[in-house]
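Engineer: I am attaching a structure below and will ask some questions about it afterwards.
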Amino acid sequence: MAKTIGVLTSGGDAPGMNAAVRAVVRAALSKGMKVYGIRRGYNGLINGDIFEMNALSVSGIISKGGTCLYTARCNEFRYEEGINKGRDTCRKLGIEGIVVIGGDGSFRGAADLSAAGINCIGIPGTIDNDIKCTEYTIGYDTALNTAIEMVDKLNDTTSSHDRCSVVEVMGRNAGYLALNVACATGADAVITPELGYDLDNIINELCDARQRGKNHFVVVVAEGIGNSENIARAIQERTGIESRATVLGHVQRGGAPTCRDRVAATLMGCYAVDLLEQGIGNRVVGMKDNKIYDVDIQEALAMTKSFEQNVFDAVKITAY
Ligand code: F6P
């Protein structure tokens, strides 16, 4: 039965992380627990950059992007020495459990710290939606909507100039963001790391569409493929359609979280505290069939996540 817990955000930030921190703090306080905020991910645990949080510490943050706890990737925590330092900090402050909000890399640290005797619960927070044990990760919906807004804007200027826009969206090695942005913006083609691409096919499809009267095009490329400048250049050289590459970049990581992200973050935060209260650790909170559940961290890391072939097919079917 944990009486004192900590919370940290780790890895790339994602809109909704603040809502998750707020939920963890408020849920813990409602159970009479003491809560510490740990700054800059596992670095704060190693360096002792930790402060006690109260209800007011998380006031007004539910609507804010970024993370009030700051975030970082921490190389030192990949080794035994770093983990032991983290465990010692916890022992010194009486921290019995930690909620770790982040991605797969952060969950590995959480598993190691759990093995060292500090119960950790992972909450999936990343715009990539690439965490295998969950259908949904905090930040994904906001990033999708940000990217959609940008692509819609690009579409305006692309059509005015009879051009082709090759738009690169984030997602690390996964194509979920790219696929859904392509589907929601009516893109002509989408290129993901899961399926790769055949440029000849794409160029043929664009030329066929041009034959049918289409005069502007959008190709969405996942970051895991990259190469958007070269793809744009090749399209221009081989079709004569003036083409531009746009890399959306980190703008996708910012902004006020959507309703979906705030609610998912709040539910997951409360759920994580319930687990710690029961003395449970080494679990990741996830969403399965639209319900919150939890799974062993090692099992979570070994899972596979399916490619959304139906979304890919829908992009093709609905392209002009
Ligand atoms: O995991 C989130 C993410 O934004 C990925 O989409 C991207 O590959 C990566 O982080 C970028 O990381 P950084 O902010 O360290 O450049």
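The sequence shown: position 3 = -4 (the working numbering), numbered continuously.
By construction, the Cβ of each residue, glycine as well, lies at the ideal position given by its N, Cα and C atoms.
With a threshold of 7 Å (Cβ to nearest heavy atom), would I120 be considered close to the ligand F6P?
Structural biologist: Here residue 120 refers to the residue found at position 127 of the sequence shown. Yes - the ligand F6P has a heavy atom lying nearer than 7 Å to the Cβ of I120.
Engineer: The beta strand (DSSP E) spanning L188 covers which residue range?
Structural biologist: As a first step, residue 188 is located in the sequence shown; it is residue number 195 there, counting from the start. Run containing L188: none; DSSP gives neither H nor E here.
Engineer: Helix, strand or coil for R226? Go by DSSP, reduced to three states.
Structural biologist: The residue labelled residue 226 in the question sits at position 233 within the sequence shown. Three-state result, R226: helix.
Engineer: To the nearest angstrom, how far is the alpha carbon of A136 from that of C252?
Structural biologist: Position 143 of the sequence shown, counted from the start, is the residue given in the question as residue 136. Position 259 of the sequence shown, counted from the start, is the residue given in the question as residue 252. Between A136 and C252, the C-alpha separation is close to 12 Å.
Engineer: Following the continuous alpha helix (DSSP H) through I141, name the residue where it begins and the one where it ends.
Structural biologist: By 1-based counting over the sequence shown, the position of residue 141 is 148. Note, I141: alpha helix (DSSP H), Y133 to S153.
Engineer: Determine the extent of the alpha helix (DSSP H) in which M261 is found, giving its start and end residues.
Structural biologist: On the sequence shown, residue 261 is found 268 positions in, with the first residue counted as 1. Its alpha helix (DSSP H) spans residues C252 to E270.
Engineer: Assign A108 to one of three DSSP states: helix, strand, or coil.
Structural biologist: For the purposes of this step, residue 108 is taken as residue 115 along the sequence shown, with counting starting at 1. Helix, per DSSP.
Engineer: Rounded to whole angstroms, how far is the Cβ of C263 from the Cβ of A16, which I believe are closer than 8 Å?
Structural biologist: Your numbering for residue 263 matches position 270 in the sequence shown. Your numbering for residue 16 matches position 23 in the sequence shown. Confirmed, about 5 Å.
Engineer: Secondary structure at K346, three-state DSSP: helix, strand or coil?
Structural biologist: In the structure as shown, the chain begins at -6 and stops at 313. Residue 346 is therefore absent and cannot be evaluated.
Engineer: Could you check where the beta strand (DSSP E) with I43 kicks off and where it finishes?
Structural biologist: Within the sequence shown, the letter at position 50 stands for residue 43. Start and end: I43 to M46.
Engineer: If I measure Cβ to Cβ from T82 and keep anything under 6 Å in the same chain, skipping five residues before and after, which residues do I get?
Structural biologist: The residue you call residue 82 lines up with position 89 of the sequence shown. Only L38 and G41 meet the Cβ criterion.
Engineer: Throw me the rounded Cβ distance for the I132 and G118 pair, which I believe falls under 8 Å.
Structural biologist: Counting from one through the sequence shown, the residue named residue 132 turns up at place 139. Counting from one through the sequence shown, the residue named residue 118 turns up at place 125. Inspection of the sequence shows that residue 132 is occupied by Gly rather than by Ile. Indeed they touch by this definition, with Cβ atoms about 6 Å apart.
Engineer: Tell me whether the beta-carbon of S152 lies closer than 8 Å to the beta-carbon of H209.
Structural biologist: Within the sequence shown, numbered from 1, the residue matching residue 152 stands at position 159. Within the sequence shown, numbered from 1, the residue matching residue 209 stands at position 216. Yes.
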